[in-house]
Every structure is written in structure tokens, then in C-alpha cells.
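Visitor: This is the structure I want to talk about, given as C-alpha cells.
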């Protein structure tokens, strides 16, 4: 069952490719960091005042260090998907396969929910991943 207004944490292939292109551009590290920050932040809240208000309301008291569960004894289910992006090498003799993978993680964060009608109908909000809790997957 899909919950309306839940921030979904997912790796967007288009955005990732775009970021990869930016990293291939001949820019200094500082310029690259500012460009990425501007793109991510503007894309998250820049064009829509309702989205900005929602972003501010959701994250004003959000602590990204605290696991998003109601009770500390609750289990938080994290789904992990691996998608093969590239097969780089297969070494049959040593039985080693070198690949590139996309890793997608998703979970339900009860602190990041809202009523879309209270925010101008905003049903999805893009939030930079370093602003929210993320699972510590090794």
C-alpha cells in the first residue's frame, strides 16, 4: 500500500548520470560543489513556495542521527535492491567478477509525512540524502 506524501529515498538514474557529467566537466572542486548544491537545493524547494514551506516544516526539528521509529524497540525494515550496471571483468581462473552496481535503499520514515492538501497539493518532495536519517549498511 502506497502512503501519500511520504518522501521516497531512491536513486534516480537520470540525476546520477547528470551528476556524473558534472564531475567530468573541467571545474575546480569548489565550483563543482557549489554547482551540485545549487542544483540539488533548487530542485528540492526552489521553484515552489509550498514545497519550500513543507521542506522547512519537515526538517526544522528533524534529527538525522535518530532512527525513525516511534518506539526504540520497533524494527525498521530497510529494502535493498541491487541493479547490475556494468560487467567490467570476469576472471575465471581466480573466480572473480568485477562489476558496477546501483544500490537502491528504501524505508518508511514516519517523521517525513504530511497532508498534501495542506501544502498546495505537493505529494512528493526531493530531499538531499545527507539531510535525513540513512541506514548504516556496510
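In this note's numbering, the protein residues as written are 904 to 1041.
Beta carbons: idealized from backbone N, C-alpha and C, even for Gly.
Going by CA-CA distance only, name the one from 961, 1006 and 968 that's closest to residue 985.
Guide: Counting from one through the chain shown, the residue named residue 985 turns up at place 82. Residue 985 has its Cα closest to that of 1006, out of 961, 1006 and 968.
Visitor: Among residues of its own chain, excluding the 5 on either side of residue 1004, which ones have a beta-carbon nearer than 7 Å to its beta-carbon?
Guide: Reading the chain shown from its first residue, position 101 is the one you call residue 1004. Result list for residue 1004: 985, 986, 987 and 988, in chain order.
Visitor: Identify the continuous alpha helix (DSSP H) that holds residue 955 and give its terminal residues.
Guide: Locating residue 955 in the chain shown gives position 52, where the first residue counts as 1. 952 to 962 is the extent of the alpha helix (DSSP H) around residue 955.
Visitor: How long is the line joining the alpha carbons of residue 980 and residue 1023, rounded to whole angstroms?
Guide: Your numbering for residue 980 matches position 77 in the chain shown. Your numbering for residue 1023 matches position 120 in the chain shown. Distance between the alpha carbons of residue 980 and residue 1023: 31 Å.
Visitor: Contact check, residue 1036 vs residue 993 under 8 Å by CB: the rounded distance?
Guide: Translated into positions along the chain shown, residue 1036 becomes position 133. Translated into positions along the chain shown, residue 993 becomes position 90. Cβ-Cβ separation between residue 1036 and residue 993: approximately 38 Å, too far for a contact (criterion under 8 Å).
Visitor: Residue 963 and residue 982 - do their beta-carbons sit closer together than 7 Å?
Guide: Taking the chain shown and counting its residues from 1, the one referred to as residue 982 is at position 79. Taking the chain shown and counting its residues from 1, the one referred to as residue 963 is at position 60. No. Outside cutoff.
Visitor: Is the distance from the Cβ of residue 1002 to the Cβ of residue 990 below 7 Å?
Guide: Mapped onto the chain shown, residue 1002 falls at position 99. Mapped onto the chain shown, residue 990 falls at position 87. Yes.
Visitor: Within a Cβ cutoff of 8 Å, which residues of the same chain sit near residue 953, ignoring the five residues on either side of it in sequence?
Guide: As a working note, residue 953 is residue 50 in the chain shown. Correct list, in chain order: 1022, 1023, 1024 and 1025.
Visitor: Within 10 angstroms of its Cβ, does residue 973 collect 16 or more other Cβ (buried), or is it exposed?
Guide: Counting from 1 along the chain shown, the entry for residue 973 is found at position 70. By the 10 Å Cβ count, residue 973 comes out exposed.
Visitor: State the Cα-Cα distance for the pair residue 965 and residue 957, rounded to the nearest angstrom.
Guide: The count along the chain shown starts at 1 and reaches residue 965 at position 62. The count along the chain shown starts at 1 and reaches residue 957 at position 54. About 13 Å.
Visitor: Under DSSP, the beta strand (DSSP E) around residue 986 begins and ends at which residues?
Guide: Walking along the chain shown from the start, residue 986 turns up at place 83. First-last of the beta strand (DSSP E) with residue 986: 982 to 994.
Visitor: Tell me the DSSP secondary structure of residue 1021 in three-state form.
Guide: Position 118 of the chain shown, counted from the start, is the residue given in the question as residue 1021. It is helical.
Visitor: Near residue 967, which residues of its chain fall below 7 Å by C-beta distance, leaving aside the five closest residues on each side in sequence?
Guide: Sequence index remark: in the chain shown, residue 967 carries index 64 (1-based). Excluding positions up to five away in sequence, the list reads 1034, 1035 and 1036.
Visitor: Can you tell me the Cα-Cα spacing of residue 978 and residue 996, whole angstroms?
Guide: By one-based count along the chain shown, residue 978 stands at place 75. By one-based count along the chain shown, residue 996 stands at place 93. If you take the alpha carbons of residue 978 and residue 996, they lie about 43 Å apart.
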